[in-house]
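Residue numbers (my numbering): 182 to 260.
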């Protein structure tokens, strides 16, 4: 499978390598969130269940533990 796009955050990529237990659908959804794209309510619920994202469906962002890992702490605090 080939997913086109550009790499936005090297640390996010490293986070995905470190968490091999994430399934492909979850990785794809997290990629959409980090790119600032909207995801469905069902997808947001799936990510929230695993404590991967926070915020409203219209404005999701990586959850605090992930934000610390990806050095996006300032953005997290702003949200």
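The beta-carbon is built from N, C-alpha and C at its ideal position, and this holds for glycine as well.
Roughly how many whole angstroms lie between the Cα atoms of residue i and residue j?
{"i": "residue 213", "j": "residue 220", "result": "7 Å"}
{"i": "residue 228", "j": "residue 217", "result": "15 Å"}
{"i": "residue 243", "j": "residue 205", "result": "17 Å"}
{"i": "residue 231", "j": "residue 185", "result": "26 Å"}
{"i": "residue 201", "j": "residue 215", "result": "18 Å"}
With DSSP as the reference, identify every bridge partner of residue i, one or two as the case may be.
{"i": "residue 243", "result": "234"}
Assuming residue i contacts residue j (C-beta within less than 8 Å), just tell me the rounded distance between them.
{"i": "residue 224", "j": "residue 210", "result": "5 Å"}
{"i": "residue 222", "j": "residue 238", "result": "5 Å"}
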